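Participant: Residue numbers (the numbering used here): 52 to 325. To start, I am sharing the structure in question, which I have written as structure tokens.
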Amino acid sequence: MVSRWNHSRPRWWQRIKSACRWPRPSSVPSPLARLPLNLILFEKADSEATLPPDDPRAAHLRDVLRLEPGDDFDVAAINGPRGKATFVEDGPEGIGLTFRWEGIIQNDLLPMRLLAGLPRPQTARKILEQAAALGTSEMDFFGADKGEPSYADSKLWTTEEWRRHLVRGVEQAFCSFLPEVRRWNNLQEALDTLPGLGARLALDVYEAGEPLSPTPAEGTEGVILAVGPESGWSPRERDLLREAGFVLHHLGQRVLRQETACVAALGILASRLW
Numbered sequence: 052m053v054s055r056w057n058h059s060r061p062r063w064w065q066r067i068k069s070a071c072r073w074p075r076p077s078s079v080p081s082p083l084a085r086l087p088l089n090l091i092l093f094e095k096a097d098s099e100a101t102l103p104p105d106d107p108r109a110a111h112l113r114d115v116l117r118l119e120p121g122d123d124f125d126v127a128a129i130n131g132p133r134g135k136a137t138f139v140e141d142g143p144e145g146i147g148l149t150f151r152w153e154g155i156i157q158n159d160l161l162p163m164r165l166l167a168g169l170p171r172p173q174t175a176r177k178i179l180e181q182a183a184a185l186g187t188s189e190m191d192f193f194g195a196d197k198g199e200p201s202y203a204d205s206k207l208w209t210t211e212e213w214r215r216h217l218v219r220g221v222e223q224a225f226c227s228f229l230p231e232v233r234r235w236n237n238l239q240e241a242l243d244t245l246p247g248l249g250a251r252l253a254l255d256v257y258e259a260g261e262p263l264s265p266t267p268a269e270g271t272e273g274v275i276l277a278v279g280p281e282s283g284w285s286p287r288e289r290d291l292l293r294e295a296g297f298v299l300h301h302l303g304q305r306v307l308r309q310e311t312a313c314v315a316a317l318g319i320l321a322s323r324l325w
């Protein structure tokens, strides 16, 4: 016997279903529009600009900051000066802005370079944003022996999405300089590009002898931190790291997610420069 429930549901069910229906994708605002940005980045230090109505920055100014004509907010030009922008008008063509820029500022990125086994896209997004916020100057992602090769074909890497996550991190940090990001097929390719100077440290929860601290990086030209994929280093990769002069360190006995390990380790190493 077939239940009538499958053929004709009560009206109250239809009302609940309609009330709980998710909005269509076109009506969902960009996540950037909801973020409490500390400043907003622009490509160039222009004297004026117009943000199109569909620009996430326009939605942020209008819906989150709720600015009105005459209001000011903090801005910066990518890899350039900071300044103030004035909200001039909100018209059919978008939000009109004028800018007042400060003098040229020095690059404030820290001499830290991150080598990371290519992670899942959702993990890579977190690493890109948080490492940029901490001031990492360079990031190298490589195909690891225990990694998944298909991650390299994600839209994160085949489009400019990866750069947008850098921008978010830098905006959060109230800075303007973006780190350099590179991708390599394997660890050896990444190691071949490393400079001769600087401390070389790698995280490994299994074979490391000492915990990570700021001390190994003190008095050096910079620091290079290698973090394997979530599945860990292969024996071959450990040998490559040791041959390249890397010293293995750990962050305690807990097994951490890759993004957690990256943020914790970069924070420890950056503390000597604060």
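Where is the CB? At the ideal position from N, CA and C, for every residue including glycine. Owing to the predicted nature of the structure, the values given are computational and were not obtained by experimental measurement.
Kindly confirm or deny that the stretch 240-251 and the stretch 211-219 touch, where touching means at least three C-beta pairs closer than 8 Å.
Facilitator: no
Participant: What number of angstroms, rounded off, separates the C-alpha of Trp152 from the C-alpha of Asp141?
Facilitator: What you label residue 152 is simply residue 101 of the sequence shown in a count that begins at 1. What you label residue 141 is simply residue 90 of the sequence shown in a count that begins at 1. Their Cα atoms are separated by approximately 22 Å.
Participant: How should Asp204 be labelled, buried or exposed, when 16 other C-beta atoms within 10 angstroms of its C-beta is the threshold for buried?
Facilitator: In the sequence shown, residue 204 corresponds to position 153, counting from 1. With a 10 Å radius around the Cβ and a threshold of 16 neighbouring Cβ atoms, Asp204 comes out exposed.
Participant: Measuring only the C-alpha atoms, how far is Ala128 from Ser227?
Facilitator: Working through the sequence shown from its first residue, we reach residue 128 at position 77. Working through the sequence shown from its first residue, we reach residue 227 at position 176. So the alpha carbons of these two residues sit roughly 6 Å apart.
Participant: In this structure, how does DSSP classify Ala295 when only helix, strand and coil are distinguished?
Facilitator: Reading the sequence shown from its first residue, position 244 is the one you call residue 295. Coil, per DSSP.
Participant: With Thr244 as the anchor, note down where its beta strand (DSSP E) starts and where it stops.
Facilitator: Start at 1 with the first residue of the sequence shown, and residue 244 comes out as number 193. Run containing Thr244: none; DSSP gives neither H nor E here.
Participant: Taking only the alpha-carbon atoms, compute the straight-line gap between Leu179 and Pro170 and give it to the nearest angstrom.
Facilitator: As a working note, residue 179 is residue 128 in the sequence shown. As a working note, residue 170 is residue 119 in the sequence shown. Distance between the alpha carbons of Leu179 and Pro170: 11 Å.
Participant: Please confirm whether Pro262 and Leu207 have their CB atoms less than 7 Å apart.
Facilitator: Residue 262 sits at position 211 when you count from the first residue of the sequence shown. Residue 207 sits at position 156 when you count from the first residue of the sequence shown. Contact flag unset, no.
Participant: Mind listing, in chain order, the continuous beta strand (DSSP E) runs of no fewer than 3 residues lying wholly within the stretch 136-220?
Facilitator: 145-152, 161-168, 187-193
Participant: Please name the residue in Gly131, Arg251, Phe150 whose C-alpha comes closest to that of Ala100.
Facilitator: Reading the sequence shown from its first residue, position 49 is the one you call residue 100. If we check each option's Cα against that of Ala100, Phe150 comes out closest.
Participant: What do you get for Leu320, buried or exposed, if any count of 16 or more other CB atoms within 10 angstroms of its CB means buried?
Facilitator: Mapped onto the sequence shown, residue 320 falls at position 269. That one is buried.
Participant: Taking the alpha carbon of Val139 as the point to measure from, which residue in Phe93, Phe297, Leu102, Thr174 has its own alpha carbon closest?
Facilitator: Numbered from its first residue, the sequence shown carries residue 139 at position 88. Closest option to Val139, judged by alpha-carbon separation, among Phe93, Phe297, Leu102, Thr174: Leu102.
Participant: Is there contact between the stretch 246-259 and the stretch 280-290, where contact requires at least three CB pairs shorter than 8 Å?
Facilitator: yes
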